[in-house]
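Participant: Residue numbers (the numbering used here), protein chains in the order written: chain R, 1 to 177; chain S, 1001 to 1177.
Positions of the beta carbon are idealized from the N, C-alpha and C atoms, including for glycine.
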DNA sequence: GACGATATATATCATGTTGATATATATTTT
DNA sequence: AAAATATATATCAACATGATATATATCGTC
């Protein structure tokens, strides 16, 4: 699934500018799909060429002109077709786990820092998700929040449980070079 | 962190061809970092230009010639420097959660299928990780396995616990269009 | 013994994505 | 009054994706 397809999804929730869609990516989609302006604006341009979205240019006196995009019927069908055929995959790119994999090459101080930093970030994400959980939303969206909470809590517990032993073991097992 | 850097990491484990490194990505790194030939071969070429890896061309009678790459001292320092400065991030791209977010646009049959398929894949990954867990390996690597087990188990439990209610709710909440 | 599948090995390429930067102005915070 | 944040679009080099091409060997199986 590419950014073009998820832009159709974003517009299925209501008309929006590229800027609005970026905010949606940063808020509602942030814990499972990332995209920046560099992929969103070209995606909208191509979708417009293909007739899957249309837009109104809204003149604004004190701001750059807005392009408010809407999903066309063709675009809506395209999106539903994508949902029906996209396999439910999940892909993780974890710099954190790369650092753990090569823990034996890290100075002890740095390994401790890395664990703390990653723990902090997870606790921050947890708070965001806990706030979202309190607000009401459709069951599908609620599920994405519960799933995020479950995996984030598991990550935090795993780190808290193994941290001390890990810091100890890495430097007793370590071959001095 | 880019593929170039992780190729240095791969070579820190021992000399290898591009083909060998691809296997390492598919096995040891697969649950936290993906890369294909299309990024590995260009990465090795650039690293060689920069003097961070060297290679021996091994002629083989019955196979295409091998290029066996080795980490140079410069490359090793570069890798350790990268480990010391890379922030411990984690990024997920989940087509599964996109499908859940837009569950209200999926036919009931398809939603059930998606959940089952994703559950099956997670159980498959779980078995791979459980097998890895039994084999002995350094503490840092062991940690990446435990972390994978913890988050995968949390994902499976979360789906098993909410699946039935979700299937029910989505289609009772749904606005018929 | 033949056939298909898998393994060894490198390489390329169009398309898509990343992350930063540029441009301009308004509003909010310090 | 200055600095930071928000509104809004757009571009770009560098990097990554995923598929495909090329050749041969080996392994299983019917």
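(1) Could you say which of S/1043, S/1127, S/1106, S/1122 lies nearest to residue 139 of chain R if we only look at CA atoms?
(2) Which residue's Cα is closest to the Cα of residue 1071 of chain S: S/1038, S/1051, S/1109?
(3) What is the DSSP secondary structure of residue 1056 of chain S, counted as helix, strand or coil?
(4) Using a 10 Å radius around the Cβ and a threshold of 16 neighbouring Cβ atoms, would you call residue 162 of chain R buried or exposed?
(5) Spatial neighbours of residue 1130 of chain S within its chain, please: C-beta separation below 8 angstroms, excluding the five flanking residues on both sides.
(6) What are the residues in the region 95-107 of chain R lying within 8 angstroms of chain S by C-beta distance?
(7) Helix, strand or coil: how does DSSP classify residue 89 of chain R here?
(8) How many angstroms separate the CA atom of residue 1135 of chain S from the CA atom of residue 1145 of chain S?
(9) Name the one or two DSSP bridge partners that residue 1142 of chain S has.
(10) Give every residue of the same chain whose Cβ lies closer than 7 angstroms to the Cβ of residue 7 of chain R, excluding the five residues on either side of it in the sequence, and list them in chain order.
(11) Am I right that residue 126 of chain R and residue 156 of chain R are in contact with their C-beta atoms under 8 angstroms? What's the rounded C-beta distance?
(12) Quick check on DSSP: helix, strand or coil for residue 96 of chain R?
(13) Does any CB atom of chain R fall closer than 7 angstroms to the CB of residue 1110 of chain S?
(14) Tell me the start and end of each unbroken alpha helix (DSSP H) in the region 1096-1171 of chain S that is at least 4 residues and wholly inside, in chain order.
(15) Is there a Cβ from chain S that is less than 7 angstroms from the Cβ of residue 151 of chain R?
(16) By the 8 angstroms beta-carbon criterion, what residues does the region 11-27 of chain R contribute toward chain S?
(17) What's the gap between the Cα of residue 1012 of chain S and the Cα of residue 14 of chain R?
(18) Using a 10 Å radius around the Cβ and a threshold of 16 neighbouring Cβ atoms, would you call residue 87 of chain R buried or exposed?
(19) Once DSSP output is grouped into helix, strand and coil, what is the label at residue 71 of chain R?
(20) Roughly how many angstroms separate the alpha carbons of residue 1065 of chain S and residue 1009 of chain S, rounded to a whole number?
(21) Just the chain S side, please: which residues come within less than 9 angstroms of residue 93 of chain R by C-beta, in chain order?
(22) Nearest by alpha-carbon distance to residue 31 of chain R: which of R/164, R/141, R/170, R/59 is it?
(23) State the DSSP-derived secondary structure class of residue 1010 of chain S, mapped to helix, strand or coil.
Facilitator: In short, the structure shows the following:
(1) Reading the first chain from its first residue, position 139 is the one you call residue 139 of chain R. Here the closest residue by C-alpha is S/1106.
(2) The residue you call residue 1071 of chain S lines up with position 71 of the second chain. Of the residues S/1038, S/1051, S/1109, the one whose Cα lies closest to the Cα of residue 1071 of chain S is S/1051.
(3) As a first step, residue 1056 of chain S is located in the second chain; it is residue number 56 there, counting from the start. Strand at residue 1056 of chain S.
(4) Sequence index remark: in the first chain, residue 162 of chain R carries index 162 (1-based). Per the 10 Å Cβ criterion, buried.
(5) In the second chain, residue 1130 of chain S corresponds to position 130, counting from 1. Cβ neighbours of residue 1130 of chain S beyond the five flanking positions: 1149.
(6) When CB distances to chain S are screened at a threshold of 8 angstroms, the residues of the region 95-107 of chain R falling below it are 95, 96, 97, 98, 99, 100, 101, 102, 103, 104, 105, 106, 107, in chain order.
(7) As a position in the first chain, residue 89 of chain R is number 89, starting the count at 1. It is coil, neither helix nor strand.
(8) Position 135 of the second chain, counted from the start, is the residue given in the question as residue 1135 of chain S. Position 145 of the second chain, counted from the start, is the residue given in the question as residue 1145 of chain S. Residue 1135 of chain S and residue 1145 of chain S: Cα-Cα distance of roughly 11 angstroms.
(9) Taking the second chain and counting its residues from 1, the one referred to as residue 1142 of chain S is at position 142. Residue 1142 of chain S is bridged by DSSP to nothing; it lacks a bridge partner.
(10) The residue labelled residue 7 of chain R in the question sits at position 7 within the first chain. The beta carbon of residue 7 of chain R sits closer than 7 angstroms to the beta carbons of 21, 40, 43, 44, 47 from its chain, once the five residues preceding and following it are set aside; these are given in chain order.
(11) Position 126 of the first chain, counted from the start, is the residue given in the question as residue 126 of chain R. Position 156 of the first chain, counted from the start, is the residue given in the question as residue 156 of chain R. The pair is a contact, with the Cβ atoms about 7 angstroms apart (cut-off 8 angstroms).
(12) Position 96 of the first chain, counting from 1, holds the residue named residue 96 of chain R. Helix, per DSSP.
(13) Residue numbering aside, residue 1110 of chain S sits at position 110 when the second chain is read from its first letter. Yes, its Cβ sits closer than 7 angstroms to a Cβ of chain R.
(14) 1108-1134
(15) Start at 1 with the first residue of the first chain, and residue 151 of chain R comes out as number 151. Interface residue, yes.
(16) 12
(17) Numbered from 1 along the second chain, position 12 holds the residue referred to as residue 1012 of chain S. Numbered from 1 along the first chain, position 14 holds the residue referred to as residue 14 of chain R. C-alpha separation (whole angstroms): 51 angstroms.
(18) In the first chain, counting from the first residue as 1, residue 87 of chain R sits at position 87. Residue 87 of chain R sits exposed, since fewer than 16 C-beta atoms from the chains shown fall within 10 Å of its C-beta.
(19) Along the first chain, one-based indexing puts residue 71 of chain R at 71. Correct three-state label for residue 71 of chain R: strand.
(20) Sequence index remark: in the second chain, residue 1065 of chain S carries index 65 (1-based). Sequence index remark: in the second chain, residue 1009 of chain S carries index 9 (1-based). If I take the Cα positions, the gap works out to 24 angstroms.
(21) Numbered from 1 along the first chain, position 93 holds the residue referred to as residue 93 of chain R. Within 9 angstroms Cβ-Cβ: 1001, 1032, 1033, 1034, 1089, 1090, 1091, 1092, 1093.
(22) Along the first chain, one-based indexing puts residue 31 of chain R at 31. Residue R/141 is the option with its Cα nearest to residue 31 of chain R.
(23) In the second chain, the residue the question calls residue 1010 of chain S occupies position 10. Three-state result, residue 1010 of chain S: helix.
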